[in-house]
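Those protein sequences? They're chains A and B, same order as listed. According to this note's numbering, numbering within the first sequence proceeds without interruption in unit steps and concludes at 449. According to this note's numbering, numbering within the second sequence proceeds without interruption in unit steps and concludes at 1375. Just so you know, even glycine gets a beta-carbon here, dropped at the ideal spot from N, CA and C. The structure displayed is predicted, hence computed values, not measured ones. Working notes for the structure below.
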Amino acid sequence: MPDHNQHGPHVHLGVFFTGVGPQLIWSDPSCASHHEIDTFVEVVQLLERGLFDAFFLGEGLRVRENRGKVFDLDVSGRPDAITQLAALAAVTERIGLVATQNATYNYPADLARRLASLDLISGGRAGWNIVTTDNAWTGENFRHGGWLPHERRYERATQFVEAAKELWDGGPTGGGATARPVDIRTDLVSFRAAPTVPPSPQGRPVLFQAGDSDGGRELAARHADVVFSRHREYDEALAYATDLRARLARYGRQPDEVRILPGASVVVGDTQEEAAEKARWVRSEQVNGPRALAYLEQYWGRDLSAYDPDGPLPDIEPSADELDPSRGTIAIERRSGKLQLIQGWRDLAAERGLSIRQLVLEVSGGHATFTGTPGQIADSWAHYVRTRAVDGFNITPHLLPWSLADIVDKVVPALQDRGIYRTEYEGSTLREHLALPPLRPAAASRKAS
Amino acid sequence: MGRDAMTTGRLVLAVEADGAGAHPAAWRDPGASETALDPRSIKETVTVADRAGFAFAGFGDGPVPPPAGGRIEAGVRAAYLSQLTRRIGLAPALHVTTTEPFHVATQLASLDHASHGRAAWLVGAANDGPARATIGAAPLDDVARSQEVRDVIDVARALWDSWEDDAVIRDVVSGRFLDNDKVHHIRFEGASFSVVGPLITPRPPQGQVVVIAADSLGVADRADITLVGGFSALAGHSQRVIARRAERAREAGSPLVFAELEVALDRPGERADGRLARLNSQEPWPITDRARFSGSAGALTEFLAELAPHVDGVLFYPAQTAADLPVLADEVLPALTAGDLARVPGPDDAMLRDVLGLPRPVNRFAHLGRNTASA
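Set out below in structure tokens:
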């Protein structure tokens, strides 16, 4: 078990493979297929060569739409995360395998069992990225529809996680011993199930949490082993870390019990100019003309196909209704106040003479977080981890597999040169890679009671 | 279609790979393989079956713990094996009564992608108190359970068609990754749930994952393979029971019918009867709906030769995986193949459907030309 106090801070890296969305470039002929298992195998083996802590799969339980039709401009279509990661467990030895799974649209005992199964079959390398959904639009694919009120989604998630932990802690020990059933009756979680999967070498799956609202941060402070935060700019990252550590203390947890890995995108060049040029190309591909129009359509709620993406902003008025969730997750601050937001865009475009596409490039987010030479990026990351603003990054690739190969082949050696990255895997489980303290022996105390 | 038009007289052979074996005391025996808990042992068992020429391996499962105490979820086991095997089909048991239908369809489609077209689904419908309690529900009555089985199969099949094969176009000129006239809402309305779709996963390589269901579930009209039991206390009577039930399953519309057969086989130095007596003294082997055979490999070959005109294949349940699977692999399969009584996967069989002789289904949404379901 590596000890951070002994070796000093290290950069922990994961890859967040969303599988869908505007950041993934598909138009370049060099891009690998986004659906073939062979692409996933190639990527995860590449990351294992780069000594990454974890490979993450995203998940969304309804195919994204734009004004009632399946959205056709972005990469779409992805596998069930646990199934895919179980396949990848067979062709890797060390790297952690993290499944994004929804706490609203799953049965707790069923999901806990599948996650424990992934954990056991991978030799203790599984993680669960806990997400919630409240929208009824996603619920239309599930037995109970949009049953969960928005303000109770983290209450459900918290109870779900606690139930899962109870099932994992009480797993069977083999030899015909029957595990004691877990029996929970609340209005949000209700079941009785005996655990069927023994604990893995790391005890239970590592818990990741990304929610940024107060409820999300509380869930993270109580239960997460890793937070996959949104705060990647240095000052924001430090403020987030400070806030989270204060919350941890309230739950009697130590700062080292949670790793902070914000999402980040990275563009690497041999020179700063080359990196900047690549970053411009990436953005121009991510926000091409049709996508720029579709971006505004989500906000306008109207057909804007007649507008020229290189011309001025639409002169028609947006629809009165707020954003619908059919294009995927909408950050909380954008769920209301659409009209003011659009007015702000109009003012910005008028002031700076921006076209539709230029405006979307400006306001849509998704800019590369780190652009530079391997040395520049490594220096920047060293500053982040040495000041405890973050423990590492969860990288969102934009071009498969090339943007990740750049990191493995160029940035990782630069990190190793600075003494802030492992030169071999020291442990075998995801928990060990993340240098998290061993679990408290909850299982032992529970059995003894 | 009549039976003669369907059966080739050559049996397709499959084997259940769950746990230590079908006998409830199998896991207690020295040398038992913990094939539901240990990844290495899971791999060894199915690799043996793959090399021997079994068409598919079944992964029995359920939401409550088995007698041995633990079990890795079947879909996870099958997915893990997808990268470690090359020819054998992978058939996890997923239960319609304790899961979300949308997740079941996604998991199976993903298994088909990961295995390059070797996924099958053993339809489960666990409905006792402990099983249903895992989702906080009570057992369904017979009518509701039958309806649930039909609805979940129907919704899975509709979801597997919700992406047409050529939906992904990657058209750089128009900026379209996919043709959204070829990705469909299914708007399925079942008795107890509805699903809008489409699936989050593109169409499985086989078009439709191979659906395998026991005749007792009453879905021979929806399954690709119907499993028929045939337990009989009368010696030599099992084949007749199987033949009659196979006939009925075919009349109900099942393209293929497989017999379910529990086997305990003689091994060098130990006869099956002696071994069964030893196991039964630890825990009796309860009678199930499946036919049961114990004896020599040669006698089993003769038994199967009599069965061959009536069924398309056999799903074996070894009493003890570690003891009986090697005899099936090393003696029974080669004898059947030599006698032209078995059809094993060949080099031209790219997918499980090819091994089974099942055509790749046409997509129900093909040639609609537009997404009418969402109009």
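Chain-ordered neighbours of residue i on chain A, where CB pairs are closer than 9 Å
{"i": "residue 977/B", "result": "The question about residue 977/B has no answer, for chain B in this structure spans 1001 to 1375."}
{"i": "residue 1300/B", "result": "Near residue 1300/B there are no residues of chain A at all, since even the closest Cβ is about 30 Å away, more than 9 Å."}
{"i": "residue 1100/B", "result": "105, 106, 107, 110, 141, 142, 143"}
Residue from the options with nearest C-alpha to residue i
{"i": "residue 337/A", "options": "326/A, 350/A, 319/A", "result": "319/A"}
{"i": "residue 395/A", "options": "40/A, 30/A, 56/A", "result": "56/A"}
{"i": "residue 1268/B", "options": "1351/B, 1330/B, 1139/B, 1093/B", "result": "1330/B"}
{"i": "residue 1170/B", "options": "189/A, 245/A, 104/A, 24/A", "result": "24/A"}
{"i": "residue 29/A", "options": "140/A, 220/A, 399/A, 263/A", "result": "399/A"}
{"i": "residue 1041/B", "options": "1195/B, 1322/B, 1067/B", "result": "1322/B"}
{"i": "residue 1111/B", "options": "87/A, 418/A, 122/A", "result": "87/A"}
{"i": "residue 36/A", "options": "1114/B, 1151/B, 1218/B", "result": "1114/B"}
{"i": "residue 1360/B", "options": "1213/B, 1224/B, 1338/B, 1027/B", "result": "1224/B"}
{"i": "residue 314/A", "options": "296/A, 321/A, 326/A, 230/A", "result": "296/A"}
{"i": "residue 168/A", "options": "127/A, 155/A, 364/A", "result": "127/A"}
{"i": "residue 227/A", "options": "265/A, 129/A, 111/A, 147/A", "result": "129/A"}
{"i": "residue 1184/B", "options": "413/A, 85/A, 69/A", "result": "69/A"}
{"i": "residue 195/A", "options": "47/A, 385/A, 204/A", "result": "204/A"}
{"i": "residue 198/A", "options": "113/A, 189/A, 345/A, 145/A", "result": "113/A"}
{"i": "residue 214/A", "options": "153/A, 234/A, 271/A", "result": "153/A"}
{"i": "residue 184/A", "options": "274/A, 163/A, 301/A", "result": "163/A"}
{"i": "residue 1253/B", "options": "1221/B, 1062/B, 1238/B", "result": "1221/B"}
{"i": "residue 1121/B", "options": "1204/B, 1165/B, 1198/B", "result": "1204/B"}
{"i": "residue 1296/B", "options": "1290/B, 1312/B, 1272/B, 1283/B", "result": "1272/B"}
{"i": "residue 430/A", "options": "96/A, 50/A, 371/A", "result": "96/A"}
Element boundaries [alpha helix (DSSP H), containing residue i]
{"i": "residue 375/A", "result": "374 to 386"}
{"i": "residue 273/A", "result": "272 to 286"}
{"i": "residue 100/A", "result": "Not the alpha helix (DSSP H): residue 100/A falls in the beta strand (DSSP E), residues 96 to 102."}
{"i": "residue 1274/B", "result": "1272 to 1282"}
{"i": "residue 191/A", "result": "Here residue 191/A belongs to no alpha helix (DSSP H); instead the beta strand (DSSP E) covers 190 to 193."}
{"i": "residue 216/A", "result": "214 to 223"}
{"i": "residue 1042/B", "result": "1039 to 1052"}
{"i": "residue 450/A", "result": "Any property of residue 450/A remains undetermined from this structure, which presents chain A solely from 1 to 449."}
{"i": "residue 17/A", "result": "Counting along the chain, residue 17/A falls outside any alpha helix (DSSP H), though it belongs to the beta strand (DSSP E) covering 12 to 17."}
{"i": "residue 1121/B", "result": "Residue 1121/B -> not in any alpha helix (DSSP H); beta strand (DSSP E) instead, spanning 1120 to 1124."}
{"i": "residue 1317/B", "result": "From DSSP, residue 1317/B is part of no alpha helix (DSSP H) but of the beta strand (DSSP E) over 1313 to 1318."}
{"i": "residue 121/A", "result": "108 to 121"}
9 Å Cβ cut-off: residues of chain B touching residue i
{"i": "residue 60/A", "result": "1200"}
Interface residues of chain A facing residue i [CB-CB closer than 7 Å]
{"i": "residue 1107/B", "result": "80, 83"}
{"i": "residue 1193/B", "result": "143"}
{"i": "residue 1030/B", "result": "Those within 7 Å of residue 1030/B in chain A number zero; the least Cβ separation is about 13 Å."}
{"i": "residue 1287/B", "result": "Those within 7 Å of residue 1287/B in chain A number zero; the least Cβ separation is about 22 Å."}
{"i": "residue 1039/B", "result": "121"}
Amino acids of chain A, ordered along the chain, whose beta-carbon sits closer than 8 Å to that of residue i
{"i": "residue 1110/B", "result": "79, 80, 83, 84"}
{"i": "residue 1084/B", "result": "90"}
{"i": "residue 1365/B", "result": "Result: empty, since nearest Cβ-Cβ is about 12 Å, beyond 8 Å."}
{"i": "residue 1113/B", "result": "35, 36, 37, 79"}
{"i": "residue 1170/B", "result": "26, 27"}
For residue i, the first and last residue of its enclosing beta strand (DSSP E)
{"i": "residue 1176/B", "result": "1176 to 1178"}
{"i": "residue 1102/B", "result": "Careful: residue 1102/B lies outside any beta strand (DSSP E), inside the alpha helix (DSSP H) at 1101 to 1114."}
{"i": "residue 1225/B", "result": "1225 to 1228"}
{"i": "residue 1092/B", "result": "1089 to 1095"}
{"i": "residue 140/A", "result": "Neither: residue 140/A is in no beta strand (DSSP E) and is coded neither H nor E."}
{"i": "residue 128/A", "result": "126 to 131"}
{"i": "residue 185/A", "result": "182 to 185"}
Presumed contact (8 Å Cβ cut-off) between residue i and residue j, rounded CB distance
{"i": "residue 1341/B", "j": "residue 1210/B", "result": "Contact flag wrong, Cβ pair sits at about 22 Å."}
{"i": "residue 92/A", "j": "residue 20/A", "result": "Between residue 20/A and residue 92/A the Cβ distance is about 23 Å, and since that is not below 8 Å, they are no contact."}
{"i": "residue 236/A", "j": "residue 248/A", "result": "Not quite, the Cβ-Cβ distance comes to about 18 Å (not below 8 Å), so this is no contact."}
{"i": "residue 368/A", "j": "residue 435/A", "result": "Contact flag wrong, Cβ pair sits at about 28 Å."}
{"i": "residue 1324/B", "j": "residue 1263/B", "result": "6 Å"}
Closer than 7 Å at the beta carbon, the chain B residues around residue i
{"i": "residue 213/A", "result": "What residue 213/A touches in chain B: nothing, since even the nearest Cβ is about 25 Å away."}
{"i": "residue 290/A", "result": "1175"}
{"i": "residue 380/A", "result": "Per Cβ cutoff of 7 Å: no residues; residue 380/A is ~33 Å from chain B at best."}
{"i": "residue 297/A", "result": "Chain B residues near residue 297/A: none, gap ~14 Å exceeds 7 Å."}
Chain-ordered chain B contacts of residue i [CB-CB under 8 Å]
{"i": "residue 172/A", "result": "1065, 1069, 1070"}
{"i": "residue 109/A", "result": "1063, 1134, 1135"}
Near-chain B residues of the stretch 20 to 49 of chain A (beta-carbon distance less than 8 Å), N- to C-terminal order: 26, 27, 35, 36, 37, 41
Members of the stretch 183 to 197 of chain A near chain B, C-beta cut-off 7 Å: 190, 191, 192, 193, 194, 196, 197
Chain B contacts made by the stretch 111 to 142 of chain A, where a contact means CB separation under 7 Å: 113, 114, 117, 118, 120, 121, 140, 141, 142
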